[in-house]
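Novice:
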Amino acid sequence: MNVRADSLWTALPLGSGVALLGHDANGLAALAKPAGTLSHPNAKGEESRALLRAPYRIDGEFYQWAKHRLWLLNRLDSATSGVILVAADGALAEAVRAQFKQRQVRKVYQALVFGTPPQAAELWQDRLAVQKRGERIRTTAGHLPAASRMSVVRAGRTVSLLRLEPQTGRSHQLRVQCSRRGLPIVGDQTYGDFRLNREFARTTGVKRMFLHSLETSFDYEFAGKTWHFAATAPLPAEFEVKAV
Numbered sequence: 175m176n177v178r179a180d181s182l183w184t185a186l187p188l189g190s191g192v193a194l195l196g197h198d199a200n201g202l203a204a205l206a207k208p209a210g211t212l213s214h215p216n217a218k219g220e221e222s223r224a225l226l227r228a229p230y231r232i233d234g235e236f237y238q239w240a241k242h243r244l245w246l247l248n249r250l251d252s253a254t255s256g257v258i259l260v261a262a263d264g265a266l267a268e269a270v271r272a273q274f275k276q277r278q279v280r281k282v283y284q285a286l287v288f289g290t291p292p293q294a295a296e297l298w299q300d301r302l303a304v305q306k307r308g309e310r311i312r313t314t315a316g317h318l319p320a321a322s323r324m325s326v327v328r329a330g331r332t333v334s335l336l337r338l339e340p341q342t343g344r345s346h347q348l349r350v351q352c353s354r355r356g357l358p359i360v361g362d363q364t365y366g367d368f369r370l371n372r373e374f375a376r377t378t379g380v381k382r383m384f385l386h387s388l389e390t391s392f393d394y395e396f397a398g399k400t401w402h403f404a405a406t407a408p409l410p411a412e413f414e415v416k417a418v
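So for the sequence shown, this note's numbering puts the first residue at 175; every next one is plus one.
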């Protein structure tokens, strides 16, 4: 298979609402994942909610259809929308995953939260613990360092839009850090404010978790060269709400 062929990308079996943001000559691509879509199916019967309408191999971390394989390089919670990366080559997938492990990938999120931060910009530092039971994850106070840079994009009367840049990669890190500062992410059903979530959904008619992976960028080594990759997933229109 020629991973550089545009025919691969034009014929992707994309899941509902998923869009191709772009790809490079090596076979690295970025997709825009809607809220509610699974990065990959976790159990039988979840295929219709997944990123691609194709069988997924958990042992190899790739989707497979016809003669094609597409490796999943990162994951987003089903409730989180935005940039997610895939690769059409196994060696390329390993090269990019190495960048994630070495924390060389720059990720920018935006979140709509209840309340307003006291500072327009701040470095958030916490210590967290991640507990995993099967596919269930819960993050609490612990000993693992977690850091994120926060800046206010838009401050409102009841909700604010924040720009968040995680410096570490703990599961649910941004959701927990917002919650611990009295700035729960709108629609967060695990760490959020359930009463405010209900009021927001009733008033606006929008029910989702308002966390979006906006930008991803990094350099990577492949085939004896250094390559740069960057992708941006436009902020969904519902994030423009200013009050409840």
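Cβ atoms here follow ideal geometry from the backbone N, Cα and C, with glycine treated the same way. Just so we're clear, the structure is a prediction, and the values are computed from it rather than from any experiment.
Which same chain residues end up closer than 7 Å to residue 395 when comparing Cβ atoms and leaving out the 5 residues on each side of it in sequence?
Specialist: Counting only Cβ-Cβ distances below 7 Å, and skipping sequence neighbours, we find 269.
Novice: Could you give the DSSP three-state label for residue 246: helix, strand or coil?
Specialist: Three-state result, residue 246: strand.
Novice: Do the segment 257-264 and the segment 386-400 touch if we need at least three Cβ pairs shorter than 8 Å?
Specialist: Cβ pair count under 8 Å is three or more, so yes.
Novice: What did DSSP end up calling residue 264 once you bin it into helix, strand or coil?
Specialist: Helix, per DSSP.
Novice: Using the three-state DSSP reduction, which class does residue 296 fall into: helix, strand or coil?
Specialist: It is a strand residue.
Novice: Per DSSP, which one or two residues make a beta bridge with residue 276?
Specialist: Looking at the DSSP assignment, residue 276 forms no beta bridge with any residue, so it has no partner.
Novice: Residue range of the alpha helix (DSSP H) that residue 348 falls in?
Specialist: 347-354 is the span of the alpha helix (DSSP H), which, as asked, contains residue 348.
Novice: With a CB to CB cut of under 7 Å and the five nearest residues on each side skipped, what residues in its chain are close to residue 278?
Specialist: Same-chain partners within the cutoff: 392.
Novice: Tell me the DSSP bridge mates of residue 403?
Specialist: Its beta-bridge partners are 392.
Novice: Can you tell which of 233, 242, 246 and 304 has the C-alpha that lies nearest to the C-alpha of residue 212?
Specialist: The shortest C-alpha separation from residue 212 is found at 246.
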